[in-house]
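The listed protein sequences correspond, in order, to chains A and B. Every letter in the first sequence is one number past the one before it in this note's numbering, and letter 335, counting from 1, is 335. Every letter in the second sequence is one number past the one before it in this note's numbering, and letter 227, counting from 1, is 227. Using N, Cα and C, we set each Cβ at its ideal position, and we do this for glycine too. For reference, the structure discussed in these notes is given below.
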Amino acid sequence: MTVLLEAQHVTKIFSGGMFKTTGVVALRDFSLTIDVESPSIISVVGESGSGKSTMARLLLGLEAPTSGAVLYRGKRLQDLSRAEKHQFRRDVQIVFQDPFAAYNPIYKVDRVLEVPIAKFGLARSNAEKRALIEEALEAVGLRPMDTLGRYPHQLSGGQRQRIMVARALLLRPKLIIADEPVSMIDASLRASVLDALRQLNQQFGISLIYITHDLTTAYQIGHNIIVLYSGSVAEAGGIETVVKQPQHPYTQLLIDSIPQPNPERQWQDEAPASELGQKASASDGCRFAPRCPHAFEPCVQAAPPLYQTRPHQVAACYLYQEQPVVPSEKMDEVFARRTPLTNGKRLENGVV
Amino acid sequence: MVSAKPVLEVHDLKTYYETLRGPVKAVDGVSFDVWPGERFGLIGESGSGKSTVALSLMRLIRPPGRIESGEIILDGVNLLGLPDETLRQYRLAEIAMIHQGAMNSLNPVIRVRKQILDGFQSHGINLDKDEADARIADLLDRVGLQPAVADMFPHQLSGGMKQRVAIAIAISLRPKVIIADEPTSALDVVVQRRVMQTLRKVQEELNAAVILIGHDMGLMAQFADRVGVMYAGKLVELGSVKNLFDKPQHPYSQLLMESLPSLDEKASFQSIRDLPPSLLNPPPGCIFHPRCPYVMERCKVEVPELIEVAEKHYSACFLHDGNGGMP
Chain A
1 MTVLLEAQHV TKIFSGGMFK TTGVVALRDF SLTIDVESPS IISVVGESGS
51 GKSTMARLLL GLEAPTSGAV LYRGKRLQDL SRAEKHQFRR DVQIVFQDPF
101 AAYNPIYKVD RVLEVPIAKF GLARSNAEKR ALIEEALEAV GLRPMDTLGR
151 YPHQLSGGQR QRIMVARALL LRPKLIIADE PVSMIDASLR ASVLDALRQL
201 NQQFGISLIY ITHDLTTAYQ IGHNIIVLYS GSVAEAGGIE TVVKQPQHPY
251 TQLLIDSIPQ PNPERQWQDE APASELGQKA SASDGCRFAP RCPHAFEPCV
301 QAAPPLYQTR PHQVAACYLY QEQPVVPSEK MDEVFARRTP LTNGKRLENG
351 VV
Chain B
1 MVSAKPVLEV HDLKTYYETL RGPVKAVDGV SFDVWPGERF GLIGESGSGK
51 STVALSLMRL IRPPGRIESG EIILDGVNLL GLPDETLRQY RLAEIAMIHQ
101 GAMNSLNPVI RVRKQILDGF QSHGINLDKD EADARIADLL DRVGLQPAVA
151 DMFPHQLSGG MKQRVAIAIA ISLRPKVIIA DEPTSALDVV VQRRVMQTLR
201 KVQEELNAAV ILIGHDMGLM AQFADRVGVM YAGKLVELGS VKNLFDKPQH
251 PYSQLLMESL PSLDEKASFQ SIRDLPPSLL NPPPGCIFHP RCPYVMERCK
301 VEVPELIEVA EKHYSACFLH DGNGGMP
């Protein structure tokens with residue numbers, strides 16, 4: 001096991017007010033290990049305010065944790081030397097949500113591919129540079145001839161986002177964090193971006209953290225999933241298990257609320273919160289209690305730990321308090337593991 | 001409840017945006033009817049012209065855009081022929097609109113109460129305080145909000161609550177037609193379901209027709225009775241939601257359905273090849289032909305009309321012409 005990036009009990013509190021008296025807990029006691037020997041796709045799902053983007057920013061070192069630590073190859077991000085930071089910036093890449101804002105409109109799109117090559121000294125000649133760019137574009141399903149030499153406004157959102165994926169790929173990173181990469185792209189072109197991301201994982205063995213509010217694409221692309229609610233992990237595990245047999249009431253609500261493109265499967269009414277839940281406040285106890293139809297006595301006392309409900313599933317819910325407790329730093333041990341690449345062939349061991 | 005006469009008839013609507021390089025035909029010959037109490041969906045991707053249809057129905061197109069030709073007949077009156085002042089009285093009272101970003105459609109420095117009352121006052125309805133309180137409480141109650149919300153400012157409300165206030169304003173004068181342009185696209189799915197269920201409830205109570213504009217096929221399937229599919233400024237298919245989702249007829253609708261990711265099984269993703277055409281310089285013949293997997297010689301020259309392929313199910317494609325057969 002080679003640990004590339006590790007979040008250890010990370011908590012992020014954004015404080016506000018003149019004397020920093022009010023605080024919003026954006027992420028609470030979050031732990032995750034990215035092992036590059038078994039590159040997998042982890043989908044992180046949550047609604048706005050769930051802390052999913054804060055998690056991404058913490059992993060990228062764009063925010064410092066209030067407590068806990070983010071480690072890159074065993075060293076805290078703040079303590080990295082210049083050379084190590086350079087390597088970190090190469091190993092961990094991000095694809096942002098907005099493929100429109102990520103470009104400078106007065107430069108041709110070639111520039112977003114040329115700059116990282118120059119910065120990291122990837123090519124010794126122009127021909128080599130051109131070859132690298134073409135290879136990366138082809139890997140994400142774009143024809144270099146039709147793409148290079150054009151301005152951002154001449155390309156669709158799907159094409160622009162795929163160039164961003166190609167840019168990330170150029171550096172041969174170990175991990176790509178994609179924060180809502182398809183939310184601004186039309187349905188008919190969304191698939192092309194998701195496919196490009198999936199290729200990076202399968203063909204180049206790059207780990208991927210796919211952050212989204214859309215459970216459907218999360219399911220389509222991910223091997224494992226983390227469901228965040230109000231800064232805490234509500235449920236996590238192998239994606240088939242979690243999506244097909246959700247245990248946490250929030251995950252159940254989320255899946256029920258998705259409008260299915262099938263008129264025969266009509267939306268059901270939302271179950272109201274239980275009597276105790278309606279009186280609960282989110283600050284003590286379970287964050288979901290005020291909306292939970294099953295809230296009962298323990299839920300208003302203290303936040304629930306993760307309980308292991310199935311071999312590849314944990315849920316932070318007292319409904320499963322009979323089950324063994326999983327410490328938060330061991331959450332990802334229930335993930336469906338993929339065996340390391342051997343001779344370019346992957347065994348789908350453990351993936352349910 | 002569907003009566004014998006449509007409440008809204010749109011005939012051959014053309015809305016163009018003037019540019020230096022010629023007109024952009026954002027809506028190019030769209031016709032459809034909407035019946036009282038019906039939930040009609042208009043689906044399309046960005047640039048398909050669906051929002052331009054919505055703005056045209058309200059006659060809110062601003063220069064360089066203009067409604068080139070066509071008729072919009074609301075309960076027997078052609079809205080395009082009305083003087084501005086009469087039309088202003090029609091808006092909200094007869095035909096109301098719920099915009100995409102509720103957070104942007106409310107005035108941040110005015111209390112909810114005043115924003116609801118504005119609609120009454122601008123239509124010459126002056127209520128005394130007790131009447132106003134009662135009307136506002138009733139409206140808020142219909143959309144599932146507490147009466148106390150009336151005294152709040154928009155920033156004190158969540159996104160879902162703001163969108164409910166927008167619905168309350170839209171129904172305040174009991175319009176016959178409500179246009180909802182992506183009313184929930186900024187909301188989380190759980191809140192989206194609540195808002196859409198609220199919209200359905202008030203629409204049924206008023207027996208108003210709703211035109212839901214959007215790109216989310218799932219939302220259409222859940223909400224609409226009948227759906228029109230728009231592509232590059234044209235209506236390419238029109239039918240009941242059941243027929244359209246069961247047996248899409250137009251190749252574009254078929255491909256759009258196939259590109260939807262599902263929660264049921266993992267599958268390979270299907271994208272539609274290439275990109276939508278430029279509306280400045282649209283291709284000749286069928287507007288979809290450059291991307292269509294079934295393209296024939298004829299499609300490159302002739303423009304297909306909407307024809308009835310099954311009962312009340314229309315599609316604009318030459319494949320339905322007998323010799324082609326269905327794909």
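Starting from Lys25 (chain B), follow its DSSP beta bridges and name the residues at the other end.
B:Tyr16
Rounded straight-line distance, which links the Cα of Gly70 (chain B) to that of Gly44 (chain B)
21 Å
Against chain A, which members of the region 229-248 of chain B pass a CB distance test of less than 7 Å?
Val241, Lys242 and Phe245
Residue span of the beta strand (DSSP E) that contains Asn243 (chain B), given as start and end:
Per DSSP, Asn243 (chain B) belongs to no beta strand (DSSP E); it is in the alpha helix (DSSP H), Val241 to Asp246.
How long is the line joining the alpha carbons of Glu9 (chain B) and Leu57 (chain B), rounded to whole angstroms?
10 Å
If we call anything under 8 Å between Cβ atoms a contact, is Leu117 (chain B) one with Ala134 (chain B)?
no
For Val191 (chain B), which residues in the same chain have their Cβ closer than 6 Å to its Cβ, ignoring the five residues on either side in sequence?
Gly160
Mind checking whether Ile171 (chain B) and Gln115 (chain B) have CB atoms under 8 Å apart?
no
Expected contact under 8 Å - CB spacing of Ser188 (chain A) and Ser46 (chain B) to nearest Å
That belief does not hold up - the Cβ atoms of Ser188 (chain A) and Ser46 (chain B) are roughly 10 Å apart, past 8 Å.
What residue range does the alpha helix (DSSP H) around Ile255 (chain A) cover?
Pro249 to Ser257
Start-to-end residues for the beta strand (DSSP E) that takes in Arg39 (chain B)
Arg39 to Ile43
Val109 (chain A) CB to nearest chain B CB: under 8 Å?
no
Of all the CB atoms in chain B, is at least one closer than 8 Å to the CB of Ser188 (chain A)?
yes
Taking DSSP as the reference, what is the three-state secondary structure of Leu8 (chain B)?
strand
Taking the alpha-carbon of Ser31 (chain B) as reference, which of B:Glu18, B:Tyr17 and B:Pro6 has the nearest alpha-carbon?
B:Pro6
Given 8 Å as the limit, is there contact between the region 64-72 of chain A and the region 46-56 of chain A, that is, 3 or more CB pairs closer than that?
no
Any chain A beta carbon closer than 8 Å to Pro290 (chain B)
no
What three-state label does DSSP hand Glu275 (chain A) in the structure shown?
helix
In the DSSP assignment, find the beta strand (DSSP E) that holds Gln313 (chain A) and state where it starts and stops.
Gln313 to Ala315
Strictly below 8 Å CB to CB, what residues from chain B border Tyr219 (chain A)?
Pro261, Leu263 and Lys266
Identify the contact partners of Asp84 (chain B) in chain A, using a Cβ-Cβ distance below 8 Å as the criterion.
Within 8 Å Cβ-Cβ: nothing; Asp84 (chain B) doesn't reach chain A, min ~35 Å.
Under 8 Å, Cβ to Cβ, is there at least one residue of chain A near Ser315 (chain B)?
no
Can the beta-carbon of Leu80 (chain B) be found less than 8 Å from the beta-carbon of Ile67 (chain B)?
yes
Apart from the five residues just before and just after Ile258 (chain A), which ones in its own chain have a Cβ nearer than 7 Å to its Cβ?
Leu215 and Thr216
Sorted by chain position, which residues of the same chain lie with C-beta nearer than 8 Å to Ser328 (chain B)'s C-beta, five sequence neighbours on each side aside?
With chain B running from 1 to 327 in the structure shown, residue 328 (chain B) is simply not present.
Does any residue of chain A have a CB that is nearer than 8 Å to the CB of Leu139 (chain B)?
no
Alpha carbon to alpha carbon, what distance is there between Glu37 (chain A) and Gly205 (chain A)?
9 Å
Ser53 (chain A) by DSSP, collapsed to three states: which one?
helix
Gly81 (chain B) CB to nearest chain A CB: under 8 Å?
no
Sequence-distant residues of the same chain with beta carbon closer than 7 Å to Ile41 (chain A), five excluded per side
Asn201, Leu208, Tyr210, Ile221, Gly222 and His223
Is the distance from the Cβ of Phe223 (chain B) to the Cβ of Arg39 (chain B) below 8 Å?
yes
Could you have a look at Thr184 (chain B) and say whether DSSP puts it in helix, strand or coil?
coil
Leu200 (chain A) (DSSP reduced to helix, strand or coil)
helix
Comparing the C-beta of Pro327 (chain B) with each C-beta of chain A, is any distance below 8 Å?
Note that Pro327 (chain B) scores a pLDDT of 46, beneath 50, so its modelled location is shaky and nothing firm can be said.
Do Ala310 (chain B) and Gln260 (chain A) come within 8 Å of each other at the CB atom, strictly closer than that value?
no
Using C-beta distances below 6 Å, list every residue in its chain close to Pro298 (chain A), excluding the 5 sequence neighbours before and after it, in chain order.
Tyr318
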